[in-house]
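Enquirer: Sharing a structure here in structure tokens format.
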Amino acid sequence: MNKKDLIIKLIEDCRITMNEARVLQDLEPVPDTRYDRLYTKINE
């Protein structure tokens, strides 16, 4: 199983988010303000 197929399987099984899939492909995650609030709460 190659990397692409593994990423697709993980997405279909809801084990990773689209941004996590982008990081696995060496791409930048898509900025999303919904998650920015979550990160600031965790980091405080």
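Residue numbering for the sequence shown follows the numbering used here, beginning at 51 and increasing consecutively. Beta carbons are placed, not taken as given, at the ideal position from N, Cα and C, and that holds for glycine.
#1: Using the C-alpha atoms, what's the distance from Val-80 back to Ile-57?
#2: Assign Asn-69 to one of three DSSP states: helix, strand, or coil.
#3: Suppose you measure from the CA of Met-68 to the CA of Asn-52; what does that come to, to the nearest Å?
#4: DSSP state of Asp-76, grouped into three classes?
#5: For Asp-55, which of helix, strand or coil comes out of DSSP?
Expert: So, from the data block:
#1: 17 Å
#2: helix
#3: 18 Å
#4: coil
#5: helix
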